[in-house]
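What follows is a single structure, written as structure tokens, with notes after it.
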Amino acid sequence: MRPSRTVANTSSLRRFFSSASPIRDNQSRNNKKKLSRNKKRSSVADAEVVRWNKAITSHMRSGRCGAAELLFRRMPRRSVVSYNAMLSGYVSNGLLPLALRLFRAMPRRDATSWNTILHGHVLHRDLAAARRLARDFFERAPAKNAVSWNGVLAAYARNGRLEAARELFDSNPSWEIVSWNAMIAGYAQRKRMADARELFDRMPERDAVSWNTVISGYAQCGDMVEAKRLFDTSPHRDVFTWTAMVSGYAQNGMLDDAKKVFDVMPERNQVSWNAMIAAYIQHKMMDKAKDLFDQMPCRNVSSWNTMITGYAQVGNIEEARSLFDTMAERDSVSWAAMIAGYSQSGFGEEALKLFIEVGRSGERMNRSAFTCALSTCADIAVLECGMQVHGRLMKAGYGMGCFVGNALIAMYFKCGSIKEALEAFEVMEERDVVSWNTMIMGYARHGLGKESLGVFDTMMRTTNTKPDDITMVGVLSACSHAGLVEKGISYFYSMHRDFGVTAKPEHYTCMIDLLGRAGRLEEALDLMAKMPSEPDSTMWGALLGASRIHRNTELGEKAAKMIFEMEPDNAGMYVLLSNIYAASGKWNYVDKMRVLMHERGVRKVPGFSWIEVKNKVHTFSVGDSIHPEKEKIYEFLEELDKKMKKAGYVSATEIILHDVEEEEKEHMLKYHSEKLAVAFGILNVPIGRPIRVIKNLRVCKDCHNAIKYVSAIENRLIILRDSNRFHHFSADVFYKVEAAFEQFCYMKYMLFTWQTLQTETADIRKLFEQFLEISSLSYAPAAMSMVSIFAATLHPRSSCTKGQVCSPSHQTSKGGSFLRNNGRRKCFFS
1 MRPSRTVANT
11 SSLRRFFSSA
21 SPIRDNQSRN
31 NKKKLSRNKK
41 RSSVADAEVV
51 RWNKAITSHM
61 RSGRCGAAEL
71 LFRRMPRRSV
81 VSYNAMLSGY
91 VSNGLLPLAL
101 RLFRAMPRRD
111 ATSWNTILHG
121 HVLHRDLAAA
131 RRLARDFFER
141 APAKNAVSWN
151 GVLAAYARNG
161 RLEAARELFD
171 SNPSWEIVSW
181 NAMIAGYAQR
191 KRMADARELF
201 DRMPERDAVS
211 WNTVISGYAQ
221 CGDMVEAKRL
231 FDTSPHRDVF
241 TWTAMVSGYA
251 QNGMLDDAKK
261 VFDVMPERNQ
271 VSWNAMIAAY
281 IQHKMMDKAK
291 DLFDQMPCRN
301 VSSWNTMITG
311 YAQVGNIEEA
321 RSLFDTMAER
331 DSVSWAAMIA
341 GYSQSGFGEE
351 ALKLFIEVGR
361 SGERMNRSAF
371 TCALSTCADI
381 AVLECGMQVH
391 GRLMKAGYGM
401 GCFVGNALIA
411 MYFKCGSIKE
421 ALEAFEVMEE
431 RDVVSWNTMI
441 MGYARHGLGK
451 ESLGVFDTMM
461 RTTNTKPDDI
471 TMVGVLSACS
481 HAGLVEKGIS
491 YFYSMHRDFG
501 VTAKPEHYTC
511 MIDLLGRAGR
521 LEEALDLMAK
531 MPSEPDSTMW
541 GALLGASRIH
551 RNTELGEKAA
561 KMIFEMEPDN
571 AGMYVLLSNI
581 YAASGKWNYV
591 DKMRVLMHER
601 GVRKVPGFSW
611 IEVKNKVHTF
621 SVGDSIHPEK
631 EKIYEFLEEL
641 DKKMKKAGYV
651 SATEIILHDV
661 EEEEKEHMLK
671 YHSEKLAVAF
681 GILNVPIGRP
691 IRVIKNLRVC
701 KDCHNAIKYV
711 SAIENRLIIL
721 RDSNRFHHFS
731 ADVFYKVEAA
741 FEQFCYMKYM
751 LFTWQTLQTE
761 TADIRKLFEQ
771 FLEISSLSYA
781 PAAMSMVSIF
791 AATLHPRSSC
801 TKGQVCSPSH
811 QTSKGGSFLR
821 NNGRRKCFFS
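The numbering of the sequence shown is UniProt numbering, which starts it at 1 and goes up by one.
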């Protein structure tokens, strides 16, 4: 039997599909609902991510990086835009290390990610990173778009790698106009206007940026004639072109021309107004700057910052603070400008208070604010505060580049902390000539001449850094403090040949000081006579100081006469000349100097010393009677005075400018401000920590000698900074110098057995310098100061008999004597 076969006709098929359609429709509707729900969830999630991203961007723009990081960590879902928002925020807030760490952790990067990091390197001028980025950028980047290419080119050009930038530029014939402009700007910033003009003339097309860059470049180079010619021929003169001309005329001292251009400008923006205001400020015309500021139709934060900086520069700190308090909105530049104003005007404590205030306000501080705070700590020598600023600087994420590193080195040196200064130098990411100069000058100011010259030698051997005039000032100063006369003379006469440094007044001053300290006064005077220009008051002051040390009254009078003609109000020079007269016993001349000062209205600057203890600065004056611990300090000083005299200390009464009895002179010397500060430090600074004292004037001879004994008796390291240099006192140094001095005296005695009394002083000094060179003693400045008079005078050796006590009667009018006290220790009085 055959199976029956049903033939499907059209109507049956229609009925079949009609009966099946409800099932299909139900499935379709379910799929659509599911898709709709997924889309809705996705759109809600995307909208949520967008809201998170906007919040992160808002926090970053306000400098609240911590809040942005907290939101980023809490995000339930992140997109590549979220990462890019964080990257951009880090870069714009100067936190490139954090940006790089996040960039490496990104699961996916796009062209914006790469360009943002590249922009960060450009902003931070990180040459090493720029080179690395150029090497591997195009191997990893997912899309090598025009922005990326231009970014690499800009990284080279803006960081001074112009040859590498030009090589890259020449390898691609189809650069966009923005790349041409980047190359031209790079040349203009380095004042290579010939190269910039060559590219400008070759450009296939030019826009307003091209013209403005070249015009501004010529203006910055001082070629206003060419800048004006291009301005007149430019087809794209916009507000920035006019502003470039205003700034150019102002920067080159052509204020009237700047005002003429400003007055005929077809339109002005805030940059134009600010440029003209800055021009007036540059010429110290604050009244006109204020009038223009008041006329501005709309002021931005930069306008206020410019005025604050201007008032601070002319010393009107009250008006600067008034404007600062009036500002409706402030940025990090505003705070930095006000902190710098206080610091430069001598209001160090106010500057630090403002620095603390900006930290509490939540405003992110820029590098300038930190460096101004460090500079303030250095000026008033508050080490503890400086270390706190250092900590906040590192916490803020700023690396140890040149700008920050140099400020840190200078702060630590000026606060007397050599070890920390060296550590800051060693961890710097890069170093420039300022870094090396700061180290050289820092060691020199501390009297560590050999260490200073060692840094200079390292710079010359291991780097391509070229010494400048400041470098050589530091080198000559190091030679002067170390007593390395011949080496200093060699550097002075070879620096032009070897380093291309032409001698300036600062170098001549160092040489006069070097020769004067060594007692070679005639040579110093001869050098001044051979100078290409007339000696200034600083040089005559160095010669006057040397005349006082070597008691050359005639030369001292000559130097003082020249200084009084140049600076009749310089009280320090009157005092120096009075010291020379007093040392020679010419009390009538001392009285005449006192009368002359009174007639001319010259007032001696009062001496103050201060010390920082437990984050509080304690200030002392001579015979201070207002300090809360004065009774305790004076009682301690009386006990200390007895111990010092027992150890052989004798007051340097010859520096007292009054014809009174010796006892009264001793009493007048006993309570100098630095002695009070040292005594307070011994009583309050824990044992094992150095005592750091600062004085606004030069430390006197008696205090210098007394503090050496105090350091030895109390076994404390005392670091005293005066207006000229640092003085380090420690028991270890005291006894090592004493031992070295004994060796030197023996050498000198042996020399006398071979030579006659007509031996020139230079021979004695040469022998001593050779002794310092071959010895391992690193305290040459202290030893040199102890024997300077002795070696210069060829005074015969004399001795106390065994059991005899040293007394002031052993001192001579010509120099020091080598004495034996009780057969146990030796003293040198000068």
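Using N, Cα and C, we set each Cβ at its ideal position, and we do this for glycine too. Since this is a predicted model, take the numbers as computed values, not measurements.
- Put simply, of G341, A712, R689 and H672 the residue whose alpha carbon is nearest the alpha carbon of K701 is H672.
- Along the length of the stretch 420–508, whole alpha helix (DSSP H) runs at least 4 residues long occupy 433–445, 449–462, 469–482 and 485–499, reported in chain order.
- Rounded to the nearest whole angstrom, the CA to CA distance from D432 to N579 is 43 Å.
- The closest CA to that of R190, considering only I177, T465, D207 and L162, is found on L162.
- Rounded to whole angstroms, the separation of the alpha carbons of E638 and S730 is 21 Å.
- The alpha-carbon of S58 is positioned some 13 Å away from that of Y90.
- CA-CA distance, L676 to F620, rounds to 7 Å.
- Measuring C-alpha to C-alpha distances from N615 to each of C377, M296 and E329 identifies C377 as the nearest.
- Boundaries of the beta strand (DSSP E) around K616: K616 to S621.
- Counting C-beta atoms within 10 angstroms of its own C-beta, P297 has fewer than 16 neighbours from the protein chains shown and is therefore classed as exposed.
- In the DSSP annotation of this structure, the continuous segment of the alpha helix (DSSP H) that includes I682 starts and ends at S673 to N684.
- Three or more pairs of CB atoms, one per stretch, sit closer than 8 Å, so the stretch 435–446 contacts the stretch 474–488.
- Linking T458 to A182 through their CA atoms gives a straight-line distance of about 37 Å.
- The continuous alpha helix (DSSP H) containing I633 extends over residues K630 to A647.
- Counting along the chain, the unbroken alpha helix (DSSP H) around F403 starts and ends at C402 to K414.
- Under the DSSP assignment, W610 falls in the beta strand (DSSP E) whose first and last residues are F608 to V613.
- Nearest in C-alpha terms to W436, of all of F456, A421 and I308, is F456.
- A distance below 7 Å between beta-carbons, with the five flanking residues on each side excluded, links G217 to the following residues of its chain, in chain order: A188, M193 and A196.
- Cβ-Cβ separation between I633 and F680: approximately 6 Å, consistent with a contact (criterion under 8 Å).
- Taking A227 as the centre and dropping the five residues before and after it, the same chain places the C-beta of I215, Y218, A219 and G248 closer than 6 Å to its C-beta, in chain order.
- With respect to the 7 Å criterion, F262 and V246 are classified as neighbours on the basis of their beta carbons.
- Counting of Cβ neighbours within 10 angstroms places A559 among the buried residues, the total reaching 16 or more.
- The DSSP-derived three-state label of I626 is coil.
- Ranking S537, E554, S494 and F499 by CA distance to the CA of E522 puts E554 first.
- Pairwise C-beta distances place the stretch 332–345 out of contact with the stretch 281–300, as fewer than three of them are shorter than 8 Å.
- Around the C-beta of I694, 16 or more other C-beta atoms lie within 10 Å, and the residue is accordingly described as buried.
- Annotation for F240: the continuous alpha helix (DSSP H) segment containing it runs V239 to Q251.
- As DSSP reads the structure, L374 sits in no beta bridge.
- G341 counts as buried, since no fewer than 16 other beta carbons sit within 10 angstroms of its beta carbon.
- DSSP places F262 within a helical segment (H, G or I) once states are collapsed to three.
- The Cβ atoms of A542 and D513 sit closer than 7 Å to each other.
- About 6 Å separates the CB atoms of M539 and Y508; that is less than 8 Å, so the two are in contact.
- Contact fails between the stretch 373–387 and the stretch 66–75, because fewer than three Cβ pairs, one in each stretch, are under 8 Å apart.
- In the structure shown, H728 falls within a strand segment according to DSSP collapsed to helix, strand and coil.
- In this structure, the straight-line span from the alpha carbon of T309 to that of G253 is close to 19 Å.
- Restricting attention to A337, D256, A396 and S711, the CA atom closest to the CA of I317 is found in A337.
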